[in-house]
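Those protein sequence lines, which keep their order, are chains H and S.
Residue 212 in our numbering sits at position 212 of the first sequence, and the numbers go up by one each step.
Residue 97 in our numbering sits at position 97 of the second sequence, and the numbers go up by one each step.
Beta carbons: idealized from backbone N, C-alpha and C, even for Gly.
Computed from a prediction, not measured in an experiment: that's the story for all the values here.
There are 2 protein chains.
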Amino acid sequence: MRWAVFFFLATVVATCNADCHIFQEGQIYLLRPRFGAAGHRLEGLDCLSWRLAVETNNLQSWGTVPMSCENYIGHYMLGKQYRHDCELVADAAIKYAKGLNLSGDGKDIWIFDIDETTLSNMPYYAQSDVLFGALPYNDTKFNEWVADGKAPAVPGALRLYETLLSLGFKIVFLSGTKEQFREVRTANLKAVGYHTWEKLILKGDADKGLTALAYKSKRRTELVNAGYRILGNSGDQWSDLLGDNIGNRTFKIPDPMYYIG
Amino acid sequence: MRWAVFFFLATVVATCNADCHIFQEGQIYLLRPRFGAAGHRLEGLDCLSWRLAVETNNLQSWGTVPMSCENYIGHYMLGKQYRHDCELVADAAIKYAKGLNLSGDGKDIWIFDIDETTLSNMPYYAQSDVLFGALPYNDTKFNEWVADGKAPAVPGALRLYETLLSLGFKIVFLSGTKEQFREVRTANLKAVGYHTWEKLILKGDADKGLTALAYKSKRRTELVNAGYRILGNSGDQWSDLLGDNIGNRTFKIPDPMYYIG
Chain H
1 MRWAVFFFLA TVVATCNADC HIFQEGQIYL LRPRFGAAGH RLEGLDCLSW RLAVETNNLQ
61 SWGTVPMSCE NYIGHYMLGK QYRHDCELVA DAAIKYAKGL NLSGDGKDIW IFDIDETTLS
121 NMPYYAQSDV LFGALPYNDT KFNEWVADGK APAVPGALRL YETLLSLGFK IVFLSGTKEQ
181 FREVRTANLK AVGYHTWEKL ILKGDADKGL TALAYKSKRR TELVNAGYRI LGNSGDQWSD
241 LLGDNIGNRT FKIPDPMYYI G
Chain S
1 MRWAVFFFLA TVVATCNADC HIFQEGQIYL LRPRFGAAGH RLEGLDCLSW RLAVETNNLQ
61 SWGTVPMSCE NYIGHYMLGK QYRHDCELVA DAAIKYAKGL NLSGDGKDIW IFDIDETTLS
121 NMPYYAQSDV LFGALPYNDT KFNEWVADGK APAVPGALRL YETLLSLGFK IVFLSGTKEQ
181 FREVRTANLK AVGYHTWEKL ILKGDADKGL TALAYKSKRR TELVNAGYRI LGNSGDQWSD
241 LLGDNIGNRT FKIPDPMYYI G
């Protein structure tokens with residue numbers, strides 16, 4: 001009951017500040033409460049909570065970054081936290097990959113999505129008329145950016161890629177990018193350091209009308225039917241990591257800028 | 001190439017501080033770099049990255065919270081952010097639930113895990129000999145806490161629960177708790193406000209030896225075979241939300257204190 005009271009106080013009392021120690025030991029104290037004196041929730045979206053809900057797939061089919069979070073997402077993407085979050089995903093994937101025994105028959109593969117997984121569109125999204133996804137998606141403008149072929153690598157991705165190659169993995173890129181961009185994407189991947197791969201799967205006419213989840217499931221199933229073993233699967237969207245034949249382990253790269261279902 | 005240089009600078013240059021503006025427009029600037037002058041990564045685990053990797057299932061089968069993150073996790077759990085993260089999950093689930101058309105035949109269910117999903121063990125985990133999961137799990141001690149039946153509700157959970165009942169959902173609690181605790185858990189649930197449910201499924205002798213993922217998949221499959229439609233599924237562990245018959249939508253409640261596979 002004491003703790004029920006704690007939760008109550010923690011949410012209702014509006015007079016506590018950072019000096020209000022609940023526990024002296026371990027320096028645990030009550031931070032600024034988010035609830036008003038009458039128990040009503042304070043106005044305003046907590047952008048940290050919004051980002052966590054996006055990364056855990058609790059929020060789905062959202063269209064744009066909430067305008068009130070544009071500044072927060074911009075700082076997150078350009079500051080150290082996004083880079084460090086990406087590096088830790090690479091660390092976890094490398095630790096997992098090094099613990100595996102590969103067959104050596106060339107059928108052990110790691111699937112990488114491209115956008116926000118191996119190539120970063122952050123230079124595009126940072127523009128003042130894109131606002132890190134807080135303004136509606138513009139297909140024409142984004143395709144012009146892709147056609148430029150100037151995307152840098154996502155932090156940590158090249159380190160994982162090189163480690164996987166050295167361990168004997170074959171790399172498969174599986175992207176929602178359309179076939180018409182094959183040449184420029186190939187050049188972009190090579191320019192930043194992705195120098196070799198088993199397959200580069202892009203979206204063709206036969207995939208038209210499929211959701212991203214259905215398209216990726218279909219192509220992964222084709223790989224499995226061809227005898228490949230999907231040991232790892234890296235993507236920034238949950239539609240990369242759910243569905244059929246998702247692989248033995250999936251790795252979610254942060255991306256709070258857009259949602260693809 | 002300009003952006004490759006940006007990533008390079010952002011990771012290597014060690015002289016930049018919060019006044020170092022990359023973009024004047026939109027107040028986007030480079031935060032404190034995480035890499036030393038020679039390109040080596042700075043020592044120390046970034047606890048925010050660690051928590052994100054846990055919540056997105058990138059880190060699996062971990063035993064304890066890293067000791068260097070104990071203080072951070074304690075502040076997170078007891079401060080406003082955990083509560084607010086939980087409230088936003090409830091908001092998202094309520095928004096989804098209100099958009100559904102229920103059949104009215106009493107077969108539309110929402111599955112809730114118990115620990116860290118509907119009942120909070122934070123009073124236990126905050127103890128100085130538990131340290132928010134930074135010390136190894138002690139089965140005897142934890143069972144004593146469960147037997148006390150004093151767990152408060154997880155923030156946001158009662159609000160979601162009441163909304164679901166008012167919409168016509170039947171509630172199913174599906175927990176890894178053992179059958180021997182049925183009476184005390186029932187009393188605990190009722191004491192904090194969970195006053196009614198369709199089923200309270202606990203782990204029996206027939207479930208011995210199953211992983212959490214296998215046990216929960218098996219029990220959900222039984223529900224589906226009995227004609228229930230799982231429209232929502234809330235849990236703090238990915239083993240609640242992956243496997244067979246996971247439901248139409250899953251909702252991941254934050255829990256950086258322990259891992260159950």
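Item                                                                                                                                                                             : Value
From the DSSP output, in three-state form, read off V192(S) for me.                                                                                                              : helix
Please give the ranges of any alpha helix (DSSP H) in the stretch 157-188 of chain H, keeping only runs that are unbroken, at least 4 residues long and fully inside the region. : 157-167
Would you identify the three-state DSSP class for N233(H), choosing helix, strand or coil?                                                                                       : strand
Determine the contact status of S175(H) and L213(H), defining contact as a CB-CB distance below 8 Å.                                                                             : no
Just list the residues that DSSP pairs D115(H) with in beta bridges.                                                                                                             : L119(H)
Is the stretch 86-97 of chain H close to the stretch 53-73 of chain H, with three or more CB pairs under 8 Å?                                                                    : no
DSSP three-state call for D255(H): helix, strand or coil?                                                                                                                        : coil
Please identify, using Cβ separations under 7 Å, the residues of the stretch 84-113 of chain S that lie next to chain H, in order along the chain.                               : H84, D85, L88, V89, A92
If you measure beta-carbon to beta-carbon, which residues of the stretch 228-258 of chain H are closer than 8 Å to chain S?                                                      : R249, T250, F251, K252, P254
Hey, is H40(S)'s beta-carbon within less than 8 Å of any beta-carbon in chain H?                                                                                                 : Confidence is the limiting factor: at H40(S) the pLDDT is only 41, short of 50, which leaves the residue's position unreliable, though a coordinate-based value still follows. Judged by the 8 Å Cβ criterion, H40(S) is not in contact with chain H.
Measuring alpha carbon to alpha carbon, tell me which residue in V224(S), W50(S), A92(S), F173(S) is nearest Y258(S).                                                            : W50(S)
Can you tell me which of the three DSSP states D240(S) falls into?                                                                                                               : helix
Taking a cut of 9 Å between CB atoms, which residues from the stretch 54-65 of chain S lie near chain H?                                                                         : E55, T56, N57, N58, L59, Q60
In angstroms, rounded to a whole number, what distance separates the CA positions of K150(H) and P66(S)?                                                                         : 39 Å
Taking F251(S) as the reference, which of N245(S), N233(S), S239(S), D205(S) has the closest Cα?                                                                                 : N233(S)
Mind checking K95(H): buried by the 16 CB within 10 Å criterion, or exposed?                                                                                                     : exposed
Looking at the unbroken alpha helix (DSSP H) that takes in I201(H), where does it start and where does it end?                                                                   : Element bounds for I201(H): not the alpha helix (DSSP H) but the beta strand (DSSP E), 199-203.
Does G156(S) pass the burial test, meaning 16 or more other C-beta atoms within 10 Å, or should it be called exposed?                                                            : buried
Is the Cβ-Cβ distance between G168(S) and D108(S) less than 8 Å?                                                                                                                 : yes
Could one say the Cβ of D46(S) lies closer than 8 Å to chain H's Cβ atoms, at least one of them?                                                                                 : yes
If you check the beta carbons only, do L160(H) and A93(H) fall under 8 Å apart?                                                                                                  : yes
Compare the beta carbon distance of E162(H) and I253(H) with 8 Å and say whether it is the shorter of the two.                                                                   : no
Out of curiosity, what's the CA-to-CA distance linking I246(S) and G235(S)?                                                                                                      : 11 Å
At least one CB of chain H closer than 8 Å to the CB of Q127(S): is that the case?                                                                                               : no
Below 8 Å between beta carbons: does that hold for K208(S) and D240(S)?                                                                                                          : no
Would you identify the three-state DSSP class for D269(H), choosing helix, strand or coil?                                                                                       : Nothing can be reported for residue 269(H), as the shown portion of chain H is limited to 1 through 261.
Closest by CA to Q180(S), which one among L200(S), V172(S), L52(S)?                                                                                                              : L200(S)
Within 10 Å of its beta-carbon, does A126(S) have 16 or more other beta-carbons around it, so buried, or fewer, so exposed?                                                      : buried
Please confirm if L52(S) has its CB atom under 8 Å from at least one CB of chain H.                                                                                              : yes
Taking the alpha carbon of E222(H) as the reference point, which residue from T211(H), D205(H), D244(H) has its own alpha carbon closest?                                        : D244(H)
Using only the alpha-carbon positions, how far apart do L59(H) and F132(H) sit?                                                                                                  : 17 Å
Where do the N-terminal and C-terminal ends of the alpha helix (DSSP H) with V130(S) fall, by residue?                                                                           : No alpha helix (DSSP H) contains V130(S), which DSSP labels as neither H nor E.
Tell me the DSSP bridge mates of D108(S)?                                                                                                                                        : R229(S)
Where does the unbroken alpha helix (DSSP H) through K95(H) begin, and where does it stop?                                                                                       : 80-98
So, using beta-carbon positions, are R220(H) and I114(H) closer together than 8 Å?                                                                                               : no
What is the DSSP secondary structure of T250(S), counted as helix, strand or coil?                                                                                               : strand
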